[in-house]
Amino acid sequence: MAVCNNPEMALSLLESNPNSGRVDTLVKIKDRGQWSSKVEFLLAVAGQIIGLGNVWRFPYLCYKNGGGVFLIPYLVFLFACGIPLFLLEISLGQYTSQGGITCWKKICPLFQGLGYGTMVVLLHSCIYYIIIMAWAFFYLFSSFSTELPWASCNNSWNTELCVEFDKKKDFNNLTIPENATSPVHEFWERRVLNLTGNVHELGSIRWELAACLLLSWIICYFCVWKGVKSTGKVVYFTATFPYVMLMVLLVNGLMLPGAADGIRFYLYPDFTRLKDPQVWMDAGTQIFYSYALCMGCLTALGSYNKYNNNLYKDCIYLCLLNSGTSFVSGFAIFSVLGFMAYEQETDISTVTESGPGLAFIAYPRAVAMMPAPQLWAICFFLMIVLLGLDTEFVGLETFMTAITDLYPSYLLLDYRRELTLLFICVGSFLIGLVMVTEGGVYIFQLFDSYCCSGMTLLLFAILQSVCIGWVYGADSMYNNIEDMIGYQPWFLIKYSWKYITPLVCTGTLVFSLMKFTPLKFNNIIEYPWWGYAIGWYFTLSSTLLVPLWMIYALLTSSGSFKQHVRLTYPGSGFDSRLHLVCVEFACSPRASGVSSGYSGFLPRSKDMHGRLIGISGKLSLVCECVSE
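Per my numbering, residue 1311 is the first one in the sequence shown, and the count goes up by one each step.
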């Protein structure tokens, strides 16, 4: 038996006595990783939460729900749910140094199903969200042309019904067919998607889109393949450059004629809208979408922080940055829409769209009217690509963090993590090919509506709040945060975890169930029964994991009722006072008396077929290997 309390000494021992027969192989496993600086953490979180929803969803919701008045319910949900849950998830990751699954095992084993459920939601979202990047790449490459292909009706894909409405002044005396279409609509539906006539027809794969999808996955893979070491470096560009593009587009938009009308339309307050429950529902769902809540991302990113990082200040700054970006994006978008309405001599409400319609129809149409349209198209779609890229690869890193923390002694060896990541990317790419077929956009909307639905996220928010606020204890969590940063956060956040957040989320969930209507594509085409079945599979595949895990945990735990209750206590071996950052060496699985690689928290003198000795507030693993 050899006691190896120094990795370098252990290796030299093996090199000098390779055939001693007394020591089995010591296997080097990789460091779990940590942010090189606070800036990397801030940029990674900013890149995750500041995405396409800030640009194409918030401005539209603001206009739709009473202009500036929408900020009232938005701020209510921000302080009642957004900031408390944001702080909870980051502090959970930083305190446990674990990803989205094993953090719940440490805090409250009975609720570990929450981690599995959020990872299912995250994987589904990664598969479909990257399709938007593929579309954006297609538009970006198409922008490098002498004339933007969606600016005229002189292309092979245009029909006889195509009318250049942007040149309305040139044909005031002509009769326009009622079913006339614009060149930008035909470019989107006939050139990019080649959309089939109904949901039952998927058609063939659009190979140009498939190539853009492959490019997107290759970029994401290399952003994540070395863990936070690569992610932390990439975010310096991907999280900051979109702001440069946004500022360029904002300045250009404000100088266009009609911009003032667009901004006035964006912010004009209509206080009567506060009586409409749908306005409050929209505000709540926007907070969950734009803050990446209940998806495990914030927990994973926080787990790579230093134990004493001041996460409370970080959360406040990031929340202000996120909401501020959403608000400013509205000026950039609506100034351009105001210009488009001015050029067409029409009301701005006729040119305003939300979601993909804004990014791939309304804004490209406006860009085609500007001087040097290719330049502004390239700037806009490059911004869309980078916003989507940030969100996508951070989500992928979150998923890899979760499964790596589940199996550290396996995935941290050699290149197993990189190979596992490659397998996930290839599998996700192959599944995503369904959404780049001629009818793929129908499947895309199923993913978008059911995978990350408001109901799923609201349910997870309620369960998270109940688990931390009541089962683990809000006071205990406050003490944990105090242990990390030296003081406790604002006292109202504790009461938000216990009362305000679960009550508000429950009310919003009930209202959403009452207002639920079957999904229709473009609010016109109904889905067949199998479409709704697939959609509900997406929803239930994540939400049902929570009760199923609870049942499994209770059935597999032996002992009395009192011992079953212990499943609600922090997992065995959890002690924040002794923080084990990383174990760099583990005994070979072939050895008897194995000490497996472990990263997390362990109590003093815990015997894991070896000895754990507290050294300067940290732990050193003494690995005792007995040859077979």
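Where is the CB? At the ideal position from N, CA and C, for every residue including glycine.
8 Å contact criterion, which residue i and residue j should meet: CB distance rounded
i, j, result
"M1440", "E1702", "Note on residue identity: the sequence assigns Ile, not Met, to residue 1440. Confirmed, Cβ separation roughly 5 Å."
"T1656", "G1403", "Incorrect: roughly 49 Å between the Cβ atoms, too far for contact."
"G1845", "L1819", "With a Cβ gap of about 18 Å, G1845 and L1819 do not count as contacting."
"S1852", "G1409", "The Cβ separation is near 17 Å, so there is no contact."
"G1572", "F1637", "Their Cβ separation, rounded to whole angstroms, is 15 Å, which puts G1572 and F1637 out of contact at 8 Å."
"L1813", "G1423", "Not quite, the Cβ-Cβ distance comes to about 23 Å (not below 8 Å), so this is no contact."
"G1363", "S1633", "So it is not a contact: roughly 12 Å between Cβ atoms."
"I1643", "V1365", "7 Å"
"K1808", "A1843", "Incorrect: roughly 38 Å between the Cβ atoms, too far for contact."
"I1694", "A1446", "4 Å"
Run of the alpha helix (DSSP H) containing residue i, from where it starts to where it stops
i, result
"P1369", "1368-1374"
"L1685", "1683-1716"
"W1590", "1587-1600"
"C1625", "1621-1654"
"M1787", "1784-1795"
"A1521", "1517-1534"
"V1856", "1855-1866"
"H1495", "1493-1496"
"I1400", "1393-1406"
"V1554", "1551-1564"
"T1816", "1811-1824"
"S1738", "1726-1742"
"D1571", "1569-1577"
"P1459", "Note, P1459: premise wrong, no alpha helix (DSSP H); not H, not E."
"I1359", "1348-1359"
"C1436", "1422-1452"
Residue environment, residue i, which counts as buried when at least 16 other CB atoms sit within 10 Å
i, result
"G1927", "With a pLDDT of 32 at G1927, under the threshold of 50, the predicted position of this residue should be treated as unreliable, and no value is reported."
"V1554", "exposed"
"T1866", "exposed"
"E1457", "exposed"
"K1804", "buried"
"R1342", "buried"
"I1847", "First, the amino acid is wrong: residue 1847 is Tyr here, not Ile. Exposed, because fewer than 16 other Cβ atoms sit within 10 Å of the Cβ of Y1847."
"I1791", "buried"
"I1528", "exposed"
"Y1862", "exposed"
"H1434", "buried"
"M1824", "exposed"
"S1645", "buried"
"N1375", "buried"
"C1418", "buried"
"P1681", "exposed"
"K1415", "buried"
"L1912", "The predicted position of L1912 is uncertain, since its pLDDT is 36 and thus under 50; no value can be drawn from it."
"M1429", "buried"
"N1833", "exposed"
"D1758", "buried"
"G1542", "buried"
"M1557", "exposed"
"I1734", "buried"
Member of the options whose CA lies at the smallest distance from the CA of residue i
i, options, result
"L1768", "K1616, M1605, Y1805", "M1605"
"G1612", "M1794, I1861, K1374, V1473", "M1794"
"L1397", "L1855, N1620, Y1652", "N1620"
"Q1588", "Y1384, G1783, G1361, F1351", "Y1384"
"C1463", "S1455, F1454, S1453, E1474", "E1474"
"V1534", "K1825, A1354, P1681, T1660", "A1354"
"G1262", "E1748, C1625, N1789", "The structure shown does not extend to residue 1262, since the chain spans only 1311 to 1938, so no value can be given for it."
"D1715", "T1406, L1362, E1350", "T1406"
"L1756", "L1432, T1816, W1840", "W1840"
"V1661", "Y1617, S1540, F1575", "F1575"
"L1603", "K1348, M1860, I1360, L1854", "I1360"
"P1718", "T1491, L1854, L1523, T1412", "T1412"
"M1443", "L1525, P1857, P1394", "L1525"
"L1523", "P1799, F1709, G1698", "G1698"
"T1816", "I1772, S1401, M1565", "I1772"
"E1511", "K1616, G1537, P1857, Y1837", "Y1837"
"C1629", "V1379, F1387, G1377", "F1387"
"M1591", "R1501, L1381, G1749, A1784", "L1381"
"F1497", "I1515, T1506, Y1449, V1751", "Y1449"
"Y1752", "W1460, F1351, T1506", "T1506"
"P1552", "E1399, T1635, P1369", "T1635"
"V1561", "S1639, A1593, A1651", "S1639"
"C1607", "W1807, P1683, R1501, G1705", "G1705"
"V1538", "Q1344, M1745, S1775, W1780", "Q1344"
Residue i CB to nearest heavy atom of the ligand HEM below 8 Å
i, result
"S1719", "Ligands are entirely absent from the displayed structure, and the ligand HEM is therefore not among its contents."
Uninterrupted alpha helix (DSSP H) stretches inside the stretch 1751-1782 (no shorter than 4 residues): 1764-1776
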